[in-house]
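> Residue numbers (our numbering), protein chains in the order written: chain A, 48 to 274; chain B, 19 to 851. Quick one: this structure, given as structure tokens, is what I'll be asking you about.
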């Protein structure tokens with residue numbers, strides 16, 4: 048990459064960064080919209096290019112020469128999916144759509160069971176409530192394990208929807224379930240708080256990087272101009 | 019020539035029409051001719067014809083034949099005049115015996131002079147109440163031999179009708195009027211009962227009197243009563259029919275042995291007293307007395323207006339006769355010069371007619387001599403001229419010379435006093451079934467209260483209805499004020515009648531709807547919900563008026579303030595230098611990641627998955643940089659892959675950027691590029707990689723790819739992910755297919771809470787986890803401490819991260835404190851206000 052390409056890229060980046068950050072001071076303005084439109088357009092164009100090259104050519108046209116029957120079937124399904132765009136072709140495109148939805152659902156459900164649900168459940172049941180490390184009880188581990196157990200049970204109780212109507216009063220859960228659900232609500236609140244804090248940290252990190260990019264660009268151009 | 023008006027519907031019809039073209043009513047009288055009789059009833063006719071319709075037919079036939087047409091030329095045959103056939107039974111030729119009356123048919127009986135008893139009406143088939151026919155037969159059998167019916171008349175008159183006549187006759191007798199003829203049916207030439215009644219009413223006892231002192235109303239056709247008809251024998255209209263009154267069975271007549279009338283039909287003759295005697299119907303004979311009362315209504319004096327029939331003076335004496343209303347009795351306008359109403363009908367007069375009062379209201383400009391009348395004239399109003407010879411048509415003038423029809427022989431019947439109608443309608447005079455239960459009448463069994471109330475025995479107590487049953491009790495609506503039954507209507511067409519529904523005071527009175535909500539038992543929670551709904555419906559406009567203004571003003575201000583604070587916090591280290599220590603908390607997952615990288619065999623490459631976008635690049639690349647540096651330090655080669663279109667592009671740019679900055683990057687032996695399909699595409703990575711990756715630039719037969727066939731051939735999967743979903747996809751789809759290949763992930767700080775569980779357990783799916791900029795800094799501090807920079811951009815970034823995090827913490831703390839304080843202040847204001 049030559050210097051011109053580098054400087055050009057930095058200048059363009061500087062301009063787009065400033066245009067996006069102008070929203071803080073000027074709200075919705077022309078620069079902000081220009082930067083947003085450029086982001087959308089470049090992303091769409093790049094995606095189109097990648098799809099054409101990486102999917103159509105590499106994943107479809109090239110193998111077509113090697114396995115014609117299978118790829119003819121793929122061509123047929125793809126054509127039926129394209130016909131779905133037409134008003135009368137909606138019923139024709141239902142077949143490949145059903146195939147896609149069915150395969151996607153199967154993949155997701157199978158992976159969730161084997162990769163998330165079962166391992167997570169086993170991991171929650173494994174910790175000992177009275178862990179001993181080197182022959183000595185580890186209080187921190189014990190506290191952690193108890194918190195995990197308590198948080199799991201109370202959070203599940205919070206999502207219990209087995210309330211029954213009691214006479215003329217509004218449906219309500221039992222007193223024990225209600226108490227446990229309140230504890231689970233606390234754990235959920237802490238989790239949501241942690242997620243919010245992580246989002247703030249991520250945003251702060253991005254902001255720091257952008258500000259220092261701007262400073263760096265200014266310094267580079269200043270050095271180049273000064274030089 | 020004026021159109022012929024239909025007496026039924028009042029619509030005009032052509033002059034030559036015999037029947038109305040609109041309603042079908044007959045417009046011209048049936049002319050049977052001299053000596054002709056009405057066609058007898060066919061013998062094979064239905065024997066069970068409706069007796070009421072037959073009665074109606076008789077009455078129609080016996081009505082005086084009047085019309086608006088000009089007089090027809092007089093019939094040449096003097097004996098063929100139908101009016102002559104309407105002679106009284108005494109002066110008439112004995113009429114042919116009437117055919118046997120049909121069951122259930124009301125026929126006029128024979129004239130009183132006839133000794134032939136009327137044939138008992140045979141019982142008819144279904145439709146004819148046999149009981150009525152039996153009763154009729156019994157009643158007829160118990161009477162004295164009734165005069166034979168006139169020609170064309172039939173027997174079978176109901177008992178009640180006969181009794182009405184008998185009572186009337188008795189009344190006339192007591193009042194000195196000649197007795198009514200005993201004929202139970204209007205013989206030809208005789209006036210029908212209803213007509214004679216009207217005549218009696220109008221004339222009174224002093225005007226006409228026949229033999230025996232019975233007062234008959236003057237016949238509209240001439241003559242003051244029976245036997246006094248002044249119409250010539252050859253009059254086309256015949257002679258005046260004798261006034262007939264109700265005929266009743268002789269009071270002295272005893273019922274035939276073995277035949278006894280039912281109680282409800284035992285009338286004055288049977289019960290021995292009339293009126294006021296107890297009748298089977300309860301109370302006095304209200305029906306007969308009512309009819310008599312109607313007949314006894316004082317007549318209306320006639321006015322100067324020509325009548326329907328007019329002849330010589332006195333030939334048709336209508337003084338006080340109420341003109342019978344009917345199809346053939348439509349009044350004519352007065353003749354010109356005689357006080358006639360101009361422009362109302364033809365102006366010719368009947369001979370002898372005096373101008374009478376028109377039943378219709380006179381038009382504007384009519385003579386003042388004509389009194390204003392309502393369309394419904396009172397009974398007894400004379401509609402025919404009392405006298406007058408002017409303007410008699412020729413055909414009627416010829417009838418003046420006809421001899422008067424002989425008066426029928428009055429039937430000596432017991433005179434029955436006719437009670438006043440008001441007396442008859444008194445509650446105590448009404449039959450029992452018509453009376454309303456009163457307190458006095460309901461006194462029956464001891465212990466009983468008012469009618470309809472049941473006394474409660476002593477051994478029982480009032481039960482309490484359950485609440486749900488009480489709730490079902492119908493709500494009493496606003497009681498409609500009862501009408502005064504004694505009130506006499508004074509306006510409108512029903513003027514003069516009693517018991518008329520009052521229109522405005524009651525019907526038009528606005529009333530509340532009948533169904534109203536009663537007491538509703540609602541729970542406090544339901545009431546609270548109701549109140550909430552009410553406030554939502556009523557108050558939202560008030561509340562919404564304030565909030566948008568506050569939100570619109572504060573949001574931009576808050577955004578600018580916070581931006582300024584954060585910018586100052588980030589730029590502060592540039593001015594102040596290092597404020598924060600580089601010592602960072604070391605998470606356990608961080609250490610596990612570094613340990614794993616340290617344990618990797620250098621001959622096996624590492625699959626680097628680039629699952630982030632340009633938005634998250636600053637945060638992810640800070641950790642990616644340190645991890646790639648660690649791999650490079652270990653001499654481990656890498657292969658790039660991504661399930662996102664721009665993943666590998668970002669990775670390539672990162673590597674190039676770091677190399678330009680003098681950092682050591684690992685060797686990239688291959689770029690698998692973009693794998694489409696999301697989770698489904700990653701699922702395919704569990705199989706043969708050469709079948710999944712279709713990159714023409716890759717040579718799978720040569721080193722280093724010759725030793726790579728599946729994901730299991732890699733020593734580790736280094737995952738750079740910005741979203742937790744990407745981590746889940748790789749764990750669920752790739753790690754489950756190759757559980758022997760560990761995964762080390764570098765994620766964003768926002769995904770830490772959702773990805774951390776994958777690092778727990780005895781066999782976690784993710785062996786190492788580096789989270790955000792702080793995690794990267796901690797990893798560098800622990801595993802690459804020599805790469806730490808005390809100065810420079812990297813150091814500045816860490817200091818800016820510290821100050822910025824501190825600013826965020828302070829801002830959150832200030833917001834929490836401010837919300838608590840404001841909450842307390844608002845609560846105090848609510849409590850105070």
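Glycine included, every Cβ here is placed at the ideal spot set by N, Cα and C.
#1: Cutting at 7 Å between CB atoms, please list the residues of its own chain near residue 174 of chain A, excluding the five before and the five after it.
#2: Give me the chain B residues within the contact set of residue 93 of chain A, using Cβ-Cβ distance strictly less than 9 Å, ordered along the chain.
#3: Tell me which residues of the region 241-273 of chain A have at least one Cβ-Cβ distance to chain B shorter than 9 Å, keeping chain order.
#4: Give the DSSP bridge partners of residue 179 of chain A, in chain order.
#5: Do we get a CB-CB distance below 8 Å when we pair residue 97 of chain A with the residues of chain B?
#6: Taking a Cβ distance cut-off of 7 Å, strictly less, list which residues of the region 719-752 of chain B are near chain A, in chain order.
#7: Less than 8 Å between C-beta atoms, sequence neighbours within five positions excluded: which residues of the same chain meet that for residue 97 of chain A?
#8: May I ask which residues mark the beginning and end of the beta strand (DSSP E) holding residue 780 of chain B?
#9: What does residue 74 of chain A touch in chain B if you count any residue whose Cβ is under 7 Å from its own?
#10: Between residue 806 of chain B and the rest of its own chain, which residues show a CB-CB distance below 7 Å, the 5 nearest in sequence each way excluded?
#11: Below 7 Å between beta carbons is the criterion; list the residues of the region 143-168 of chain A that meet it against any residue of chain B, in chain order.
#12: Cβ of residue 639 of chain B within 8 Å of Cβ of residue 682 of chain B?
#13: Is it the case that the region 811-830 of chain B contacts the region 251-264 of chain A, given that we only count it when at least three CB pairs across the two stretches are under 8 Å?
#14: Of all Cβ atoms in chain B, is any one closer than 8 Å to the Cβ of residue 236 of chain A?
#15: Just mark residue 179 of chain A as buried or exposed, buried being the case when its beta carbon has 16 or more other beta carbons within 10 Å.
#16: Are the CB atoms of residue 202 of chain A and residue 164 of chain A within a distance shorter than 8 Å?
#17: Output the distance between the C-alpha atoms of residue 199 of chain A and residue 162 of chain A, rounded to the nearest integer angstrom.
#18: Any idea if residue 641 of chain B is buried or exposed, counting beta-carbon neighbours within 10 angstroms, 16 or more meaning buried?
#19: According to a CB-to-CB cut-off of less than 7 Å, which residues of the region 801-820 of chain B neighbour chain A?
#20: Using DSSP's beta-bridge definition, name the partner residues of residue 637 of chain B.
#21: If the cut is a Cβ gap below 8 Å, which residues of chain B does residue 210 of chain A touch?
#22: Taking only runs that begin and end inside the region 620-693 of chain B, name each unbroken beta strand (DSSP E) of 3 or more residues, in chain order.
#23: Closer than 8 Å, CB to CB, is residue 101 of chain A near chain B or not?
#24: On the DSSP bridge list, what partners appear for residue 845 of chain B?
#25: Ordered along the chain, which non-local residues of its own chain (more than five positions away) have a Cβ less than 6 Å from that of residue 831 of chain B?
#26: What residue from B:756, B:704, B:712 has the CA that sits closest to residue 689 of chain B's CA?
#27: Out of A:207, A:190, A:144, state which residue places its alpha-carbon closest to the alpha-carbon of residue 226 of chain A.
#28: For residue 322 of chain B, name the three-state secondary structure that DSSP assigns.
#29: Under a Cβ-count criterion, where at least 16 other Cβ atoms within 10 Å of its own Cβ denotes burial, should residue 673 of chain B be classed as buried or exposed?
#30: Who pairs with residue 788 of chain B in a beta bridge, going by DSSP?
#31: Is the region 660-676 of chain B close to the region 625-632 of chain B, with three or more CB pairs under 8 Å?
#32: Which word fits residue 842 of chain B, buried or exposed, when buried means at least 16 other C-beta atoms lie within 10 angstroms of its C-beta?
#33: Got a sec: is the Cβ-Cβ distance from residue 549 of chain B to anything in chain A below 8 Å?
#34: Helix, strand or coil for residue 139 of chain A per DSSP?
#35: Could you give the DSSP three-state label for residue 608 of chain B: helix, strand or coil?
#36: Return the first residue and the last residue of the beta strand (DSSP E) that residue 739 of chain B is part of.
According to the structure data:
#1: 192, 195
#2: 663, 664, 667
#3: 241, 242, 243, 244, 245, 246, 247, 248, 249, 250, 251, 252, 253, 254, 255, 256, 257, 258, 259, 260, 262, 263
#4: A:184
#5: yes
#6: 746, 749, 750, 751
#7: none
#8: First-last for residue 780 of chain B: undefined, no H or E at that position.
#9: 574
#10: 600, 798, 799
#11: 150, 151, 154, 155, 158, 159, 161, 162, 163, 166, 167
#12: no
#13: yes
#14: no
#15: exposed
#16: no
#17: 19 Å
#18: buried
#19: 811, 814, 815, 818, 819
#20: Looking at the DSSP assignment, residue 637 of chain B forms no beta bridge with any residue, so it has no partner.
#21: Those do not exist, as residue 210 of chain A stays about 14 Å from chain B at its closest Cβ, beyond 8 Å.
#22: 624-629, 656-660, 686-692
#23: yes
#24: Answer is none; residue 845 of chain B lacks a bridge partner.
#25: none
#26: B:712
#27: A:207
#28: In this prediction, residue 322 of chain B has a pLDDT of 44, which is less than 50 and means its spatial position is unreliable; what the coordinates show is noted afterwards. Residue 322 of chain B falls in the coil class under three-state DSSP.
#29: buried
#30: B:764
#31: yes
#32: exposed
#33: no
#34: coil
#35: helix
#36: 734-739
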